[in-house]
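**Student:** For the record, the sequence lines run as chains A and B.
Heads up, the first sequence is in my numbering, so the first residue is -8 and it goes up one at a time.
Heads up, the second sequence is in my numbering, so the first residue is 835 and it goes up one at a time.
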Amino acid sequence: MSIKDIESEVISEFEMFEDWTDKYNYLIELGKSIKKIDEKYKQPKYLIKGCQAQVWLHASYENGKIHFTADSDALITKGIISLLLRVLSGRTPDEIINSDLAFIDKIGLKEHLSPTRANGLTNMIKQIKLYAMAFKAKNKQDPNR
Amino acid sequence: MNFNIQKLREQFPVLHQQINKKPFVYFDNAATTQKPKIVIDRLNDYYNNENCNIHRGDYHLSRKATEAYENTRKTVQSFINAQHHHEIIFTRGTTEAINLAASSFSKKFVNKDDEILISAMEHHSNIVPWQLACQERGAQLKVIPVNQNGELIMDEYLKMLNEKTRIVAVAHVSNSLGTINPIKQIIDAAHKKDIPVLIDGAQATAHLKIDVSELDCDFYCFSGHKMYGPMGVGVLYGKEEWLEQIPPYQGGGEMINEVTFAKTTFNQLPFKFEAGTPNVADVLGLEKAITFISSLGYENIQKHEEELLQYTKKQIENIDKIRLIGTAGKKTAVFSFLFEDIHPYDTGVILDNMGIAVRTGHHCTQPLMDFFQIPGTVRASMAVYNTKEEVDRFIDGLKMVRQMFG
Chain A
-8 MSIKDIESEV ISEFEMFEDW TDKYNYLIEL GKSIKKIDEK YKQPKYLIKG
42 CQAQVWLHAS YENGKIHFTA DSDALITKGI ISLLLRVLSG RTPDEIINSD
92 LAFIDKIGLK EHLSPTRANG LTNMIKQIKL YAMAFKAKNK QDPNR
Chain B
835 MNFNIQKLRE QFPVLHQQIN KKPFVYFDNA ATTQKPKIVI DRLNDYYNNE
885 NCNIHRGDYH LSRKATEAYE NTRKTVQSFI NAQHHHEIIF TRGTTEAINL
935 AASSFSKKFV NKDDEILISA MEHHSNIVPW QLACQERGAQ LKVIPVNQNG
985 ELIMDEYLKM LNEKTRIVAV AHVSNSLGTI NPIKQIIDAA HKKDIPVLID
1035 GAQATAHLKI DVSELDCDFY CFSGHKMYGP MGVGVLYGKE EWLEQIPPYQ
1085 GGGEMINEVT FAKTTFNQLP FKFEAGTPNV ADVLGLEKAI TFISSLGYEN
1135 IQKHEEELLQ YTKKQIENID KIRLIGTAGK KTAVFSFLFE DIHPYDTGVI
1185 LDNMGIAVRT GHHCTQPLMD FFQIPGTVRA SMAVYNTKEE VDRFIDGLKM
1235 VRQMFG
């Protein structure tokens, strides 16, 4: 499935929710069940500064694809991270660089990605794209990786 | 009560809207209060009919605007009961007022190894300007500790006053906790050792009557926008004796007497501290905010807010796993709290979806949050137009948060 396919899948899941509480309950559930980040990556080096909620992000590169794990001290933030990683983790650098994450707007969570929300998510997406660019550059130098 | 709360609310257009299809509950008044129509109309009126630069304009409109601007200075003087109208300096807000005082005072009176005394509950605006002053002058910043209730430890304070202390700068009311500090006691103790005191009154003027003569404080700072006035205007009150002695803060128009390339002599008070074109419209708006407050009377304001405080306290304490931060004996209607197991940000998001505006985070008091060992709090801060029905919606919101996060 392409990034767009997964985005459509998420959008149709969210279309089933009748009101905002269903949506946020789902995000909370996603937050609780997110794949745990290795505790050794929960240190300042992997911390993405938000103002209030802290976000940790780790990236690894394998067979041309980038795998992310992440965590946050705020549960709703973690739920949104879970959605973002569902779409972006396990993708090639180019797929990540070219993604526009339009689904976030369609499921009514755009406000959470506003730079003024200070929840670390905007910076996390920036960091994900930076990882993609860095791995892409590295890959060019060493195509056998 | 002498005022009708519904009539009062009608004066605030912004309150009458729906957020996420629910009635808007505004509980972020410590950040900024909403503005009554007389303030909004005053701004409109000024720009529609009176706008021009003041002082030195020898034409009708300029004279009229100058007069209105200078009259506001007198209104502020009587509002805080200052001795002279030239002790009222208009600034952009509390932050600029404190920066002015800290910078100019320290240039004249603070030297190497001197001490400046602030408290552990100060807003960053009453920390950083003093830190900068200390760096520049080689002085030390000393901090009055707080107890677990969020009150200043007065015994410690008294011990900290010494012959090296040049000035004490404390908040009248804590922005993140609502604690009302015993500033009269603080001022008297400092004065016994001839140490001047600056009070950060940003969180006080909407709720408490200020009488700088009775307090005998040396400087008092406040913002228009936290007391139903416009953003972008504030006041530095300083005793004449201090304002005369300390150097100007910024250079420019209006603050000069005579300028040559060799030397500039400075204008008299208050103009010495008001460089550049003043914010006339917002100063005139501030006058109307004072009119608004005076029309209600502080007695009524306090009575209403005290009722909200007690009404909320009773209910919020019964919510499971909630921890109130700041339980001082004397406080304004501010509730800083967090659920033990829920991040303040998460609480804020759910309340926002229910149309309730609160603030989450460290409230520009990071050292205080460090003291309580918390990342931040959810802060609900009330004003005179808030109602018990709004408190009920807020409490329902908290119950919803509790339910959603298990």
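Don't be surprised by glycine CBs; every beta carbon is placed ideally from N, CA and C.
Only a predicted model underlies this, so the values are computations on that prediction, with no experimental measurement involved.
#1: What does the Cβ neighbour count give for Ala93/A, buried or exposed, with the cut at 16 atoms within 10 Å?
#2: Mind checking if Thr1194/B is an interface residue toward chain A, Cβ cutoff 8 Å exclusive?
#3: Run through the region 904 to 953 of chain B for me and flag every whole beta strand (DSSP E) of 3 or more residues, listed as ranges in chain order.
#4: On the criterion of 16 or more Cβ atoms from any shown chain inside 10 Å, does Arg1157/B qualify as buried, or is it exposed?
#5: Spatial neighbours of Ala899/B within its chain, please: C-beta separation below 7 Å, excluding the five flanking residues on both sides.
#6: Please tell me whether Gln34/A has its Cβ less than 8 Å away from any Cβ of chain B.
#7: Within the same chain, show all residues whose beta-carbon is closer than 7 Å to that of Lys908/B, passing over the 5 residues directly before and after it, in chain order.
#8: Please report the distance separating the alpha-carbon of Pro1209/B from that of Glu1139/B.
#9: Quick check: the Cα distance between Ala935/B and Ser959/B, rounded to an integer number of angstroms?
#10: For Ile987/B and Ile1029/B, which I take to be in contact (beta-carbon distance under 8 Å), what is that distance rounded to the nearest angstrom?
#11: Would you mind stating whether Ala1038/B and His1059/B have Cβ atoms separated by less than 8 Å?
#12: Is there a C-beta anywhere in chain B that falls below 8 Å from the one on Trp47/A?
#13: Anything in chain B within Cβ reach of Leu66/A, meaning under 8 Å, just list it in chain order.
#14: Using 8 Å for Cβ pairs, my map puts Tyr1054/B next to Ile914/B. What's the rounded Cβ distance?
#15: Please state whether DSSP places Asn850/B in a helix, a strand or coil.
#16: Could you work out which residues of chain A lie near Pro1112/B, taking near to mean beta carbons separated by less than 9 Å?
#17: Using three-state DSSP, classify Val1218/B as helix, strand or coil.
#18: For Trp1076/B, which option in Asp1050/B, Gly1087/B, Ala864/B and Thr928/B has the closest C-alpha, if you only look at C-alpha atoms?
#19: Can you tell me which of the three DSSP states Leu1232/B falls into?
#20: Of the residues that make up the region -1 to 13 of chain A, which ones have a beta carbon closer than 8 Å to any beta carbon in chain B?
#21: As a quick exercise: from His58/A, Leu66/A and Pro35/A, pick the residue whose alpha carbon is nearest that of Leu21/A.
#22: Among Asn1152/B, Ser938/B and Val1031/B, which residue has its Cα nearest to the Cα of Leu966/B?
#23: For the region 842 to 870 of chain B, enumerate the residues whose C-beta is nearer than 9 Å to any C-beta of chain A, in chain order.
#24: Can you check DSSP and say which residues form a bridge with Asp1034/B?
#25: Roughly how many angstroms lie between the CA atoms of Ser90/A and Trp11/A, to the nearest whole one?
#26: Could you name the residues of the same chain whose beta carbon sits closer than 8 Å to that of Asp1116/B, not counting the 5 residues immediately before and after it, in chain order?
#27: Buried or exposed for Tyr881/B, please, with buried defined as at least 16 other CB atoms from any protein chain shown within 10 angstroms of its CB.
#28: Any beta carbon of chain B sitting closer than 8 Å to that of Ile19/A?
#29: Could you please give the first and the last residue of the uninterrupted alpha helix (DSSP H) stretch that includes Ala50/A?
**Tutor:** Concretely, from the data shown:
#1: exposed
#2: Closer than 8 Å to some Cβ of chain A, the Cβ of Thr1194/B qualifies, so yes.
#3: 922 to 925 and 949 to 953
#4: exposed
#5: Glu884, Cys886, Ile888 and Val1114
#6: By this cut-off, Gln34/A is not an interface position.
#7: His919
#8: 28 Å
#9: One C-alpha to the other measures close to 12 Å.
#10: That pair is no contact at about 18 Å.
#11: no
#12: no
#13: Ile1176, His1177, Asp1180 and Phe1239
#14: 7 Å
#15: Sequence inspection shows His at residue 850/B; the Asn mentioned does not correspond to that position. Note: His850/B maps to coil in three-state DSSP.
#16: Simply none; closest approach about 30 Å.
#17: coil
#18: Asp1050/B
#19: helix
#20: Those would be Trp11 and Thr12, in chain order.
#21: Among His58/A, Leu66/A and Pro35/A, the Cα nearest to that of Leu21/A is on Leu66/A.
#22: Ser938/B
#23: Asn854
#24: Ala1005/B and Cys1055/B
#25: Approximately 26 Å, taken between the alpha carbons.
#26: Leu877, Gly1058, Gly1063, Pro1064, Met1065, Gly1066 and Val1067
#27: exposed
#28: Answer yes: the Cβ-Cβ gap between Ile19/A and chain B drops below 8 Å somewhere.
#29: Segment Val46 to Glu53 is the beta strand (DSSP E) holding Ala50/A; no alpha helix (DSSP H) there.
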